[in-house]
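Structure record follows, encoded as structure tokens.
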Amino acid sequence: MHHTIALSILIPVFRRDCRPLLEELQAQAKKLSVGYEIILGDDCSGEPFTSVYATYQQEGLCRVFTPHQNMGAGRLRNALAQEAQGDQLLILDSDTMPASANFLARYLQQASADEAVCGGFIYPPTLDNPLRQRYGERVESKPAVERAKAPHAGFVSMAFMIPRTTMLATGFPPNMGMGYEDLLFGEHLRLAGVALRHFDNPVEHHNCDTPAEFLSTTRRYIDNLHRHQEELGSLVRLARAYRKLHNWHLADVAAALWPPLRPLLERQLTGAHPSLRLFNLYKLLYLASISSPRKG
Numbered sequence: 000m001h002h003t004i005a006l007s008i009l010i011p012v013f014r015r016d017c018r019p020l021l022e023e024l025q026a027q028a029k030k031l032s033v034g035y036e037i038i039l040g041d042d043c044s045g046e047p048f049t050s051v052y053a054t055y056q057q058e059g060l061c062r063v064f065t066p067h068q069n070m071g072a073g074r075l076r077n078a079l080a081q082e083a084q085g086d087q088l089l090i091l092d093s094d095t096m097p098a099s100a101n102f103l104a105r106y107l108q109q110a111s112a113d114e115a116v117c118g119g120f121i122y123p124p125t126l127d128n129p130l131r132q133r134y135g136e137r138v139e140s141k142p143a144v145e146r147a148k149a150p151h152a153g154f155v156s157m158a159f160m161i162p163r164t165t166m167l168a169t170g171f172p173p174n175m176g177m178g179y180e181d182l183l184f185g186e187h188l189r190l191a192g193v194a195l196r197h198f199d200n201p202v203e204h205h206n207c208d209t210p211a212e213f214l215s216t217t218r219r220y221i222d223n224l225h226r227h228q229e230e231l232g233s234l235v236r237l238a239r240a241y242r243k244l245h246n247w248h249l250a251d252v253a254a255a256l257w258p259p260l261r262p263l264l265e266r267q268l269t270g271a272h273p274s275l276r277l278f279n280l281y282k283l284l285y286l287a288s289i290s291s292p293r294k295g
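Residue numbering for the sequence shown follows numbering that gives the first Met the number 0, beginning at 0 and increasing consecutively.
As structure tokens, this is what we get:
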């Protein structure tokens with residue numbers, strides 16, 4: 000048994016059974032030559048999950064950390080970093096799964112005292128959500144050579160390793176809410192002079208949202224973008240596209256198109272062959288509808 004913990008694996012979770020992930024991480028971690036800990040951050044999930052997570056802890060799969068109130072993923076990651084004992088933090092989303100049997104070993108090989116590292120993510124080919132699958136594969140999931148072209152803008156919090164001291168000094172924006180917080184964290188790292196190195200060591204993202212739930216989440220993210228447009232406006236392509244519409248005096252036209260076009264777009268996007276161009280239009284019209292002074 001290693002007395003010194005070198006690696007802390009931190010997993011924020013909210014109402015999700017992540018036993019397969021914990022079992023896989025334990026199996027890989029036991030083969031490492033360093034001390035490790037796995038901390039599951041339960042974001043006040045409530046029953047039956049509180050009992051499920053307590054069982055994980057009793058079985059030695061992880062240690063459970065529960066804040067006094069629901070924090071959201073960003074603030075919970077910050078709290079888990081405070082709780083951690085390792086010099087290196089590997090922070091994973093609870094709906095991921097290592098894509099290889101040497102996932103942890105490969106992350107440790109890349110560990111740096113002053114850099115954050117991202118191994119990327121992929122989608123399993125059997126995802127039962129055509130829009131999520133297509134958007135994930137064609138837009139989000141990129142090999143390291145692509146992500147490295149704009150390293151900080153390519154940051155995704157689904158799986159990354161960072162020195163604990165760096166995480167404590169930088170941290171996720173505490174009042175950001177859900178949506179685009181990854182982009183802001185990546186920008187904070189850039190401004191702090193922290194290098195972000197990309198390599199290919201993906202997790203699989205096992206997202207279980209239905210197409211309608213994915214659209215609802217997308218709108219929630221855009222609500223957050225609207226609330227934080229001062230910090231995010233220049234970083235987000237969607238916000239820049241809306242700014243162009245506004246400058247061309249077309250923002251009100253776009254806002255007026257949202258109510259009649261929304262059901263037609265949603266029918267197409269939740270079908271078997273969703274169009275990513277129409278998905279972009281959907282997002283732009285929605286942002287226009289909540290940004291227009293004539294809304295309501």
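The C-beta atom is built at its ideal place from N, Cα and C for all residues, glycine as well. It should be emphasised that the depicted structure is a prediction, and the values quoted were computed from it without experimental measurement.
I'd like the ranges of any beta strand (DSSP E) spanning at least 3 consecutive residues and lying wholly in the stretch 84-158. 87-91, 95-97, 114-117
Can you tell me which of L167, G119, P172, F278 puts its alpha carbon nearest to the alpha carbon of V144? What you label residue 144 is simply residue 145 of the sequence shown in a count that begins at 1. Nearest C-alpha to V144: G119.
I need the DSSP call for M166, collapsed to helix, strand or coil. Residue mapping note: residue 166 aligns to position 167 of the sequence shown, counting from 1. Note: M166 maps to helix in three-state DSSP.
For L234, name the three-state secondary structure that DSSP assigns. One-based indexing of the sequence shown puts residue 234 at position 235. Coil, per DSSP.
Hey, could you find the ends of the alpha helix (DSSP H) A26 is sitting in? Here residue 26 refers to the residue found at position 27 when the sequence shown is read from its first residue. Its alpha helix (DSSP H) spans residues 18-28.
For L60 and H272, I'd like the C-alpha separation in whole angstroms. Locating residue 60 in the sequence shown gives position 61, counting from the first residue. Locating residue 272 in the sequence shown gives position 273, counting from the first residue. Looking at the two C-alpha atoms, the distance is approximately 40 Å.
To which residues of the same chain is L260 closer than 7 Å at the C-beta, ignoring the five residues directly before and after it? As a working mapping, residue 260 is identified with position 261 in the sequence shown. So the list reads L284, once near-sequence residues are dropped.
Using CA atoms only, rank isn't needed, just tell me which of A255, P123, K30, L91 is closest to M160. Taking the first residue of the sequence shown as position 1, residue 160 is located at position 161. For the residues A255, P123, K30, L91, the minimum Cα distance to M160 belongs to L91.
Exposure label - D127; buried when at least 16 CB within 10 Å: Counted from its first residue, the sequence shown places residue 127 at position 128. With fewer than 16 Cβ atoms within 10 Å of its Cβ, D127 is classed as exposed.
Identified DSSP bridge partners for L39: By one-based count along the sequence shown, residue 39 stands at place 40. DSSP output for L39 lists I10, V63 as bridge partner(s).
Selection from L103, I289, S93, Y52 that minimises the alpha carbon distance to M157: Taking the sequence shown and counting its residues from 1, the one referred to as residue 157 is at position 158. The shortest C-alpha separation from M157 is found at S93.
Per DSSP, what are the beta-bridge partners of V202 in this structure? Numbered from 1 along the sequence shown, position 203 holds the residue referred to as residue 202. DSSP output for V202 lists P97, F120 as bridge partner(s).
Between the stretch 219-237 and the stretch 169-180, do at least 3 Cβ pairs fall closer than 8 Å? yes
Look up R196 in the DSSP assignment and give the residues it is bridged to. Locating residue 196 in the sequence shown gives position 197, counting from the first residue. For R196, which the question treats as bridged, DSSP gives the partners V116.
List the residues that DSSP assigns as beta-bridge partners of I161. One-based indexing of the sequence shown puts residue 161 at position 162. BP columns for I161 point to L88.
Where does A72 sit, in a helix, a strand or coil, going by DSSP? By one-based count along the sequence shown, residue 72 stands at place 73. Helix, per DSSP.
Residue range of the unbroken alpha helix (DSSP H) whose run includes N279: Looking up residue 279 in the sequence shown gives position 280. Looking at the DSSP string, the run of the alpha helix (DSSP H) that includes N279 is 275-290.
Specify, as a first and last residue, the run of the alpha helix (DSSP H) that S215 falls within. As a position in the sequence shown, residue 215 is number 216, starting the count at 1. S215 -> alpha helix (DSSP H) spans 210-226.
Is the closest heavy atom of the ligand MG to the C-beta of S156 under 7 Å? Ligands are entirely absent from the displayed structure, and the ligand MG is therefore not among its contents.
Check whether R163 and G85 have beta carbons under 8 Å apart: Reading the sequence shown from its first residue, position 164 is the one you call residue 163. Reading the sequence shown from its first residue, position 86 is the one you call residue 85. Yes, these two residues count as a Cβ contact at 8 Å.
Residue(s) in a DSSP beta bridge with G34: Residue mapping note: residue 34 aligns to position 35 of the sequence shown, counting from 1. According to DSSP, which records beta bridges pairwise, G34 is partnered with I4.
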